[in-house]
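Be aware that the sequence shown starts at 266, since it is given in the working numbering, and climbs by one per residue.
Quick reminder that beta carbons are idealized off the backbone N, C-alpha and C, glycines included.
All values derive from a computational prediction rather than experimental measurement.
Take a look at the structure set out below.
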Amino acid sequence: MTRQLHPDFEPVIGLEVHAQLLTKSKAFCACSTRFGDEPNSNVCPVCLGMPGVLPILNRNLVEFTIKMGLATHCTIANRSIFARKNYFYPDLPKGYQISQYEEPICTGGFVEIELQDGSRKRIGITRIHMEEDAGKSIHDQGAETLVDVNRCGVPLMEIVSQPDLRSPHEAYQYLFKIKQIVTYLGICDGNMEEGSLRCDANVSVRRKGETRLGTKTELKNLNSFRFVERALEYEIHRQIDLLGHGEHVEQETLLWNADEGIAVPMRSKEEAHDYRYFPDPDLVPVVVTSDWLEEIRTTLPELPTERRDRFLRQYHLPKYDADILTTERPLADYFEEVVRALTPQNDETYKLASNWTMTDVLRVVNTEKIQIADFHISPSRLGEMINLIVDGTISSKIAKDVFEEMLRSKDSPRTIVEKKGLMQVSDEGTIERIVDEVIAKNQNQVEQFKSGKQQVFGYLVGETMKASKGKANPKLVNELLRKKLAHAEET
266 MTRQLHPDFE
276 PVIGLEVHAQ
286 LLTKSKAFCA
296 CSTRFGDEPN
306 SNVCPVCLGM
316 PGVLPILNRN
326 LVEFTIKMGL
336 ATHCTIANRS
346 IFARKNYFYP
356 DLPKGYQISQ
366 YEEPICTGGF
376 VEIELQDGSR
386 KRIGITRIHM
396 EEDAGKSIHD
406 QGAETLVDVN
416 RCGVPLMEIV
426 SQPDLRSPHE
436 AYQYLFKIKQ
446 IVTYLGICDG
456 NMEEGSLRCD
466 ANVSVRRKGE
476 TRLGTKTELK
486 NLNSFRFVER
496 ALEYEIHRQI
506 DLLGHGEHVE
516 QETLLWNADE
526 GIAVPMRSKE
536 EAHDYRYFPD
546 PDLVPVVVTS
556 DWLEEIRTTL
566 PELPTERRDR
576 FLRQYHLPKY
586 DADILTTERP
596 LADYFEEVVR
606 ALTPQNDETY
616 KLASNWTMTD
626 VLRVVNTEKI
636 QIADFHISPS
646 RLGEMINLIV
656 DGTISSKIAK
666 DVFEEMLRSK
676 DSPRTIVEKK
686 GLMQVSDEGT
696 IERIVDEVIA
706 KNQNQVEQFK
716 SGKQQVFGYL
726 VGETMKASKG
736 KANPKLVNEL
746 LRKKLAHAEE
756 T
């Protein structure tokens with residue numbers, strides 16, 4: 266259960282998000298970036314930092330980072346430079362990491378998050394810069410630590426927020442928004458479990474009303490959205506407890522232990538001067554011309570917030586629906602392709618498309634643990650099935666059976682309905698006979714209805730639909746039942 270924060274203190278949080286970019290080759294060499302290959306197989310003298318080798322910049326690294334900068338309202342520098350960030354670690358064979366420091370490519374942007382009361386808050390972005398990834402140390406092999414350097418040189422983009430976040434929930438929302446944007450842009454798959462989206466959190470606390478920042482700590486090993494939230498809650502309460510007892514917060518880097526729910530000291534926190542940054546002598550400055558910038562700008566898709574707002578305006582969906590449907594770009598695309606297949610196109614059919622996509626489609630996607638792109642029913646087929654509901658060919662109940670058959674068969678919805686004899690019965694005489702039989706068999710319920718128990722009506726509707734094997738037109742069933750019961754009340 267989440268502990269309430271002490272009313273006299275407020276947290277100050279900034280996030281550093283590393284996004285591994287979806288380029289085919291590494292940042293400064295031609296080695297593959299493919300995840301899951303045999304350890305130490307995707308390497309060459311350049312990404313291993315052998316003497317005398319020269320890096321060559323991957324153009325996609327630049328373009329992908331510029332896309333993120335544009336999507337988050339950053340200023341794009343027409344000139345930026347790479348720097349060497351010097352530190353020793355077993356999985357960093359070069360002894361330095363190529364990054365950007367004094368002259369990053371993107372600065373001064375923001376993203377908007379939605380707070381729990383429905384209002385929006387702007388979170389500033391200090392900078393977005395390009396860099397290469399380090400390798401990976403594997404600690405779960407008994408007494409030995411193994412090193413896989415496949416990840417060395419994989420293109421990274423680091424997104425550094427302003428310290429504008431004031432709660433773990435805000436941090437969660439910000440991280441979710443960053444993931445949404447990078448996946449909408451198609452520049453990162455956002456998979457935190459595989460490490461392609463990673464987050465470090467800087468957190469301090471101060472008494473409310475103060476403007477000076479407190480001593481901050483850095484939390485690492487946050488490889489899920491929930492871990493970010495839980496780790497921040499833990500560290501905020503730890504710092505408040507220290508200050509409340511007159512003790513000091515030490516500036517240090519902490520490692521989040523998700524199993525135990527605690528953060529443990531890793532090392533004293535480094536400052537920029539500890540890394541001895543200096544311009545990389547092997548790489549020329551990156552120059553972004555106005556023509557190149559505009560060319561990249563034209564490739565930007567509609568972003569998640571804008572698409573959500575358009576769904577509200579264009580399709581008049583409830584906000585809940587629009588939020589769900591625009592969570593991921595492929596899901597939003599699927600929904601809009603369903604809509605294009607609808608006849609007619611109006612608020613009623615838009616809501617039907619939303620309901621079927623959010624419930625039945627996502628149920629199968631989540632159960633089978635597949636991507637929406639791998640879902641068995643194409644949007645046009647789902648749209649055709651919805652059209653059969655709208656034109657009265659099948660009932661909503663029968664549509665559930667048709668949907669399940671569509672998962673197994675490639676036949677069109679209409680073909681399935683015809684083969685299985687599932688067409689809705691809309692003949693008034695046929696339905697009237699069924700209604701008469703239901704009323705005759707359920708006189709006790711009829712008497713209850715006549716005495717004022719209106720809820721019995723639903724039971725009688727259900728019995729009528731059961732007697733028709735779900736094929737009776739529900740609208741006609743309701744009309745005829747009400748007519749017959751009204752006549753029964755008069756007699």
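Which residues share a DSSP beta bridge with residue i?
i    : result
R235 : Residue coverage of the chain in this structure runs from 266 to 756, which leaves residue 235 outside it and unanswerable.
P420 : E397
P530 : L519
G389 : F375
N323 : The partner list for N323 (beta bridge, DSSP) is empty, contrary to what the question assumes.
K485 : L520
L430 : I278
R472 : F274
V551 : S345
V703 : None, per the DSSP bridge assignment.
V425 : E281 and R392
S290 : S297
The beta strand (DSSP E) with residue i in it runs from where to where?
i    : result
F274 : F274 to Q285
N652 : No beta strand (DSSP E) holds N652; the alpha helix (DSSP H) holding it covers P644 to V655.
E459 : Unbroken run through E459: none, as it is neither H nor E.
Within a Cβ cutoff of 7 Å, which residues of the same chain sit near residue i, ignoring the five residues on either side of it in sequence?
i    : result
G599 : The sequence shown places Tyr at residue 599, not Gly. Excluding residues within five positions, the ones whose Cβ falls inside 7 Å are T622, I637 and P644.
F441 : F490
Y449 : P566, L568, P569 and R594
A523 : F492
P678 : R646, E649, M650, L653, V667 and M671
In chain order, what residues of the same chain have a beta carbon less than 6 Å from the beta carbon of residue i, not counting five sequence neighbours either side?
i    : result
Q610 : none
G648 : V603, A606 and L607
M457 : N488 and S489
A292 : N323, L326, E397, G418 and P420
R463 : H283
D586 : S619
L520 : K485, N486, V529 and M531
Quick one: what's got a C-beta closer than 8 Å to residue i's C-beta in the same chain, skipping five residues either side?
i    : result
M266 : With a pLDDT of 47 at M266, under the threshold of 50, the predicted position of this residue should be treated as unreliable, though the coordinate-derived value follows. So the list is empty, once near-sequence residues are dropped.
R385 : E377, I378 and E379
H752 : none
L319 : V311 and D547
E281 : E423, I424, V425, S426, C464, D465, A466 and N467
What are the boundary residues of the alpha helix (DSSP H) that includes residue i?
i    : result
L725 : V721 to A732
Y354 : Per DSSP, Y354 belongs to no alpha helix (DSSP H) and is neither H nor E.
K665 : S661 to R673
R594 : R594 to R605
E613 : D612 to W621
F714 : Q708 to K715
R628 : L627 to E633
V682 : P678 to K685
From the DSSP output, in three-state form, read off residue i for me.
i    : result
L582 : coil
I341 : strand
N467 : strand
A496 : helix
S757 : As displayed, the chain neither begins before 266 nor continues past 756, which places residue 757 out of reach and without an answer.
A436 : helix
V514 : coil
N690 : According to the sequence shown, residue 690 is Val rather than Asn. Three-state DSSP puts V690 in a strand.
A737 : strand
K442 : helix
E567 : coil
T695 : helix
D506 : helix
F640 : coil
N305 : coil
K749 : helix
L558 : helix
V447 : helix
L590 : helix
D574 : helix
At a Cβ threshold of 8 Å, is residue i touching chain B?
i    : result
I681 : Among the chains of the structure shown, chain B does not appear; only one protein chain is present.
With a cut-off of 8 Å, do at least 3 Cβ pairs link the segment 669 to 686 to the segment 697 to 707? Contact fails: fewer than three Cβ-Cβ distances are below 8 Å.
Could you tell me whether the segment 333 to 342 touches the segment 296 to 313, using the rule of 3 or more Cβ pairs below 8 Å? no
Determine, using beta-carbon pairs with one atom in the segment 296 to 308 and one in the segment 423 to 441, whether at least three such pairs fall under 8 Å. no
So, does the segment 719 to 736 touch the segment 658 to 666, judging by three or more C-beta pairs under 8 Å? yes
Using a Cβ distance threshold of 8 Å, determine whether the segment 496 to 508 contacts the segment 537 to 545, with at least three qualifying pairs required. Cβ pair count under 8 Å is below three, so no.
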